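Residue numbers (my numbering), protein chains in the order written: chain C, 1 to 109; chain L, 110 to 218.
Every residue gets a Cβ at the ideal spot worked out from N, C-alpha and C, and that includes glycine.
Quantities reported herein were computed from a predicted structural model and do not represent experimental measurements.
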């Protein structure tokens with residue numbers, strides 16, 4: 001197994017509350033993406049809506065995935081005022097969410 | 110926004126049952142990785158354990174992320190005997206899991 005050096009992936013699964021206006025969802029996604037510009041440790045961002053056909057998604061509607069160069073970077077991001085402000089914008093619109101961070105290991109067999 | 114063409118990401122968050130032997134967990138992770146060799150549509154695999162410090166992980170302990178070239182590829186993978194066999198090996202060892210698939214969109218602002 002080979003661990004990718006210096007990369008930490010921050011995964012958030014979220015379900016927006018029913019009735020959240022699509023325009024607001026778009027705006028919140030752009031706000032999330034803009035944290036790449038506002039917080040130095042956040043290096044990239046990608047997202048998508050659930051396309052699962054296995055019915056194992058537990059109602060989550062969106063995935064947000066951002067990358068950081070280190071655990072220290074992620075810690076700095078979490079405490080960053082721009083992140084705190086953004087969290088206060090998105091969280092009231094979510095019915096539920098889960099966040100997990102991991103250092104990716106690529107396995108070659 | 111820019112959607113990455115022809116890439117579908119399959120994200121699984123899992124919590125192994127308490128007491129699952131670490132050797133068995135290692136073996137199951139290698140088995141997951143080996144699906145890259147056994148199923149043509151699965152193109153890559155990476156995984157990691159939860160390092161989150163925000164206490165928003167809802168007890169999930171592992172992330173498994175695999176990529177597929179298309180939705181059709183993912184459908185083929187799900188039905189593939191090697192995947193079905195593997196699912197029957199790992200699922201009895203999981204306390205809970207969630208699976209979500211998405212086409213990643215990179216946002217540049």
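Specify, as a first and last residue, the run of the alpha helix (DSSP H) that residue 83 of chain C falls within.
-> It spans 81-90 - the alpha helix (DSSP H) in which residue 83 of chain C sits, taken as one unbroken run.
Based on the DSSP secondary-structure assignment, which residues constitute the bridge partners of residue 101 of chain C?
-> Answer is C:10, bridged to residue 101 of chain C.
Does the Cβ of residue 137 of chain L have 16 or more other Cβ atoms within 10 Å, making it buried, or fewer, making it exposed?
-> The residue is buried, with at least 16 neighbouring Cβ atoms inside 10 Å.
How many whole angstroms separate the CB atoms of residue 14 of chain C and residue 97 of chain C, which I take to be in contact at a CB cut-off of 8 Å?
-> Contact check for residue 14 of chain C and residue 97 of chain C: beta-carbon distance about 4 Å, within the 8 Å limit, so the pair qualifies.
Output yes if chain C places a C-beta closer than 7 Å to the C-beta of residue 131 of chain L; else output no.
-> Chain C, which has no Cβ nearer than 7 Å to the Cβ of residue 131 of chain L, makes this no.
Using a C-beta cutoff of 7 Å, does residue 60 of chain C count as contacting chain L?
-> So, interface residue.
In the DSSP assignment, find the unbroken beta strand (DSSP E) run with residue 48 of chain C in it and report its ends.
-> Where residue 48 of chain C is concerned, the enclosing beta strand (DSSP E) stretches over 42-49.
Between the C-alpha atoms of residue 78 of chain C and residue 84 of chain C, what's the straight-line distance to the nearest angstrom?
-> Approximately 7 Å between the Cα atoms of the pair.
Shorter than 7 Å from the beta carbon of residue 188 of chain L to some beta carbon of chain C?
-> Not closer than 7 Å to any Cβ of chain C, the Cβ of residue 188 of chain L fails to qualify, so no.
Expected contact under 8 Å - CB spacing of residue 216 of chain L and residue 45 of chain C to nearest Å = Taking a contact as a CB-CB distance under 8 Å, the pair residue 216 of chain L and residue 45 of chain C counts as one, their CB atoms being some 6 Å apart.
Closest Cβ-Cβ distance between residue 50 of chain C and chain L: below 7 Å?
-> The beta-carbon of residue 50 of chain C is placed less than 7 Å from the nearest beta-carbon of chain L.
Beta carbon proximity, residue 214 of chain L to chain C, threshold 7 Å | True, the Cβ-Cβ gap to chain C drops below 7 Å.
8 Å contact criterion, which residue 165 of chain L and residue 103 of chain C should meet: CB distance rounded | Contact flag wrong, Cβ pair sits at about 18 Å.
Give the DSSP-derived three-state secondary structure of residue 181 of chain L in the structure shown.
-> Helix, per DSSP.
Roughly how many angstroms separate the alpha carbons of residue 24 of chain C and residue 132 of chain L, rounded to a whole number?
-> So the alpha carbons of these two residues sit roughly 46 Å apart.
Per DSSP, which one or two residues make a beta bridge with residue 172 of chain L?
-> Within the DSSP secondary-structure output, residue 172 of chain L pairs in a beta bridge with L:122, L:157.
Beta-carbon separation of residue 76 of chain C and residue 41 of chain C under 7 Å?
-> In this structure, residue 41 of chain C lies closer than 7 Å to residue 76 of chain C by Cβ.
Mind pulling the chain C residues with CB within less than 7 Å of residue 209 of chain L?
-> Those are 13, 50, 52, 57, 60, 63, listed as they occur along chain C.
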